[in-house]
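Mapping to this note's numbering: the sequence shown position 47 is 47, numbers consecutive. Since the structure comes first, as structure tokens, the remarks are kept for the end.
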Amino acid sequence: MPYLMQKEREINVMSESGINIQDNVKESKGNQVKSVMEGDKTIIKVRQHEFSVGWPGSEIAPCPGEYLLGALAGCTSGVASLMAKQMNFDLRGMTIEVWGLAGNNKVSATAVLNTTENDERIQKLKEATENVCPVHKFFKSTGMEMDIEWKRA
């Protein structure tokens with residue numbers, strides 16, 4: 001399978017909240033995964049990493065839907081950290097709990113921030129993060145209803 005190759009360039013992303021993110025990309029091969037089914041589970045290989053995927057009720061490994069929810073939580077917290085630095089936002093830590101039900105067109109989440117910032121600044125960080133986070137944008141593009149609350153610890 002061919003890789004996408006990108007040579008050194010500067011990427012400028014302007015979120016709807018007006019925050020500019022600059023990222024210098026040296027070289028990217030794009031994203032690629034390989035899956036190998038072994039009995040009741042699938043092994044996913046990503047670069048030098050591996051993880052197992054099971055099926056609902058099997059308890060062998062998290063199911064695909066749980067990985068999707070985990071991807072949303074992980075991407076949101078990572079982008080929030082980057083956005084907080086851009087905004088000079090005091091973000092000392094963040095816990096995100098995400099839940100959804102297979103076949104339901106809604107994802108709910110609660111993000112609890114360890115911060116001294118006020119509610120207005122928390123809302124601005126939330127908006128900036130959601131406008132940039134590729135996993136959040138993917139969920140929204142599917143028509144998924146997103147009910148995500150951000151609050152101070």
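For glycine and all other residues, C-beta sits at the position ideal for the given N, C-alpha and C.
Candidates the options: closest to residue i by CA position
i, options, result
"G54", "A84, K45, E38", "E38"
"Q157", "T42, R47, A109", "Nothing in the structure corresponds to residue 157, since the chain is present only between 1 and 153."
"H49", "P56, K41, C63, K34", "K34"
"E149", "V135, G143, L113", "L113"
"K106", "T129, D147, T42", "D147"
"N104", "M144, M87, T95", "M144"
"S108", "L68, A61, I43", "L68"
Beta bridge counterpart(s) of residue i as assigned by DSSP
i, result
"R152", "L113"
"E120", "E120 pairs with nothing; no bridge assigned."
"S35", "I44"
"E189", "The displayed coordinates of the chain run from 1 to 153. Any statement about residue 189 would go beyond what the structure contains."
"V107", "G100, M146"
"L91", "T115"
Own chain residues within Cβ distance below 7 Å of residue i, not counting five before or after
i, result
"R121", "F89"
"R92", "N114, T115"
"R152", "L113, T115, I122"
Per-residue burial, residue i [other beta carbons within 10 Å of its own, 16 or more giving buried]
i, result
"G57", "exposed"
"F159", "Residue 159 cannot be examined here, being either before or after the span of the chain that is shown, 1 to 153."
"T116", "exposed"
"V36", "exposed"
"T142", "exposed"
"G100", "buried"
"E97", "exposed"
"E59", "exposed"
The ligand PLP heavy atom lying under 8 Å from the CB of residue i
i, result
"E127", "The ligand PLP is not part of this structure, which contains no ligands at all."
Proximal residues to residue i (C-beta, below 6 Å), its chain only, five neighbours per side dropped
i, result
"A71", "V135"
"G65", "A102"
Proximal residues to residue i (C-beta, below 8 Å), its chain only, five neighbours per side dropped
i, result
"C75", "C133, P134, V135, H136"
"M87", "I19, R121, K124, L125, A128"
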